[in-house]
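The listed protein sequences correspond, in order, to chains A and B.
Quick note: the first sequence uses our numbering, first residue 1, plus one each step.
Quick note: the second sequence uses our numbering, first residue 1, plus one each step.
Reviewing the structure listed below.
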Amino acid sequence: MSELAFWSVAFVTVASAGMVVFSGQLIYSAIALLFTLLGVAGLYIFLWADFMAGVQVMVYIGGILVLIIFGIMLTHKIVSVKISQSNVQRKLGAVVVGIFLIFLTSSIGDAPWFQMVTTEPSETVRTVGRLLMTKYLLPFEVASILLLGSLIGAAMLSRKEE
Amino acid sequence: MDQLVNYLYISAILFSLGLFGVITRRNGIAVLMGVELILNAANINFVAFSRFGGMNLSGHVFSLFVIVLAAAEAAVALAIIITIYNSMQTVNVDDASSMKQ
């Protein structure tokens, strides 16, 4: 039963990722991206990463995806129904990416992966918080400076010229 | 669902699709969506290796930082795309290749 759930989540993730890349209408791509991100959150739950799944839903779907849809709406005339886009050099790109994918999957298949047997942890949020406040304190603070910088930069870039 | 390779295959497919999007899409926002797919593929790998490497939660912290970077990157990239659209009336990344206005 849980195998079936896993494979259906995986299928939804990959199929909607395909729609993101191949859809002719930008707004459809954005909606398909929603399902991809939800599917990735589901995979996190299968990997016992409940906190990461919550962060994925809140930051990616609640933040980045809304931002992307805002971007689509702001850069196209809303009156033009067909917010279309084109792919260029499809064949060449498909060949290059296909060779890359074959290389990647064959090397994954060949490698002798070592898997440790573990039991499901009773808590992940507490451990992640501990790590953020002790071992990874410096990257945590640097990330806050980066967020401040990108906030100021985005406001600077998109303001009206005087 | 208890095999590491399954997650690695899913992540490889997501990465390749994202790469295909970045290579072939010419709309700036669609390129950004491809980049998001690539970052998600990397995140799946981080969390999967953390799960099958003895539940070492450093992998979760790493993918948390990747999500933070993705949020910052999306904000700045969309600001740049909107600025390009306002000054050149296009979001085609090939048309916006000149540095001067």
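Ideal placement from N, C-alpha and C gives every residue a C-beta, glycine not left out.
Buried versus exposed call for residue i [16 or more other C-beta atoms within 10 Å across all chains shown]
i, result
"B/D94", "exposed"
"A/A111", "exposed"
"A/F114", "exposed"
"A/I64", "buried"
"A/G149", "exposed"
"A/L4", "exposed"
"B/R132", "Here chain B covers residues 1 to 101 and nothing more, so residue 132 of chain B does not appear."
"B/E36", "buried"
"A/G93", "buried"
"A/T36", "buried"
Inter-residue Cα distance where the pair is residue i and residue j
i, j, result
"B/S87", "B/R25", "21 Å"
"A/T13", "A/D50", "18 Å"
"B/A74", "B/D2", "33 Å"
"A/G109", "B/V61", "27 Å"
"B/N43", "B/G59", "9 Å"
"B/A70", "A/S29", "18 Å"
"A/L47", "A/Q25", "33 Å"
"A/L151", "B/F20", "30 Å"
"A/V27", "A/V125", "Inspection of the sequence shows that residue 27 of chain A is occupied by Ile rather than by Val. Each residue's Cα considered, the two are about 35 Å apart."
"B/M55", "B/V47", "9 Å"
"B/I67", "B/G34", "15 Å"
"A/G129", "A/V59", "17 Å"
"B/L4", "A/M52", "18 Å"
"B/L39", "A/M19", "17 Å"
"B/N27", "B/V76", "16 Å"
"A/V117", "A/F6", "19 Å"
Cβ distance (whole Å) where residue i is taken to contact residue j below 8 Å
i, j, result
"B/I23", "A/V57", "Actually they are not in contact, since the Cβ atoms of B/I23 and A/V57 sit about 29 Å apart, beyond 8 Å."
"B/V91", "B/I84", "7 Å"
"A/L71", "B/I29", "Note on identity: in this sequence residue 71 of chain A is Gly, with Leu being the wrong assignment. The Cβ separation is near 5 Å, so the contact holds."
"B/Y7", "A/L43", "7 Å"
"B/F65", "A/A143", "6 Å"
"A/V66", "A/G39", "About 18 Å separates the two Cβ atoms, so there is no contact after all."
"A/K134", "B/L57", "The sequence given here places Thr at residue 134 of chain A; Lys does not occur at that position. Wrong, their Cβ atoms sit about 12 Å apart, outside the cutoff."
"A/F100", "B/S63", "So it is not a contact: roughly 23 Å between Cβ atoms."
Check: residue i C-beta below 7 Å from any heavy atom of the ligand COA
i, result
"B/I67", "Ligands in the displayed structure: none, and consequently the ligand COA is not present."
Checklist entry - Looking at chain B, which residues of the stretch 92–103 of chain A have a Cβ within less than 9 Å of any of its Cβ atoms? => result Residues of the stretch 92–103 of chain A whose Cβ lies closer than 9 Å to any Cβ of chain B, in chain order: L92, G93, A94, V96, V97, G98, F100, L101.
Checklist entry - Any residues in the stretch 39–63 of chain B with a beta carbon nearer than 8 Å to a beta carbon of chain A? Which ones, in chain order? => result N40, N43, I44, V47, A48, S50, R51, F52, G53, G54, M55, L57, S58, H60, V61, S63
Item to check | Interfacial residues, the stretch 24–48 of chain A to chain B, with Cβ spacing under 8 Å | outcome: So the close ones are L26, S29, A30, L33, T36, L37, V40, L43, Y44, F46, L47, W48.
Checklist entry - Closer than 7 Å, Cβ to any Cβ of chain A: which residues of the stretch 10–31 of chain B, in chain order? => result I10, A12, I13, L14, S16, L17, L19, F20, G21, I23, T24, R25, R26, N27, I29, A30
Next on the checklist: Threshold first: 3 residues or longer. Then list the beta strand (DSSP E) segments lying entirely within the stretch 41–111 of chain A, N to C.
Outcome noted: none
Checklist entry - In chain order, which continuous runs of the alpha helix (DSSP H) of length 4 or greater are located wholly inside the stretch 32–91 of chain B? => result 58–88
Item to check | Residues of the stretch 134–160 of chain A with Cβ closer than 7 Å to any Cβ of chain B, in chain order | outcome: Y136, P139, A143, L146, L147, S150, G153, A154, L157, S158
Item to check | Members of the stretch 116–133 of chain A that neighbour chain B once the beta carbon cut-off is set at 7 Å | outcome: M116, T118, P121, T124, T127, V128, L131, L132
Next on the checklist: To be precise: take each residue of the stretch 61–90 of chain B, compare its Cβ to all Cβ atoms of chain A, and keep it if any distance is under 8 Å. Which residues remain?
Outcome noted: V61, S63, L64, F65, I67, V68, L69, A70, A71, A72, E73, A74, A75, V76, L78, A79, I80, I81, I82, T83, Y85
Checklist entry - Which of the residues in the stretch 4–17 of chain A, read from start to end, lie with their CB under 7 Å from any CB of chain B? => result F6, A10, T13, V14, A17
Item to check | Residues within the stretch 53–67 of chain A neighbouring chain D, beta-carbon criterion of under 9 Å | outcome: Protein chains A and B are contained in the structure displayed, whereas chain D is not.
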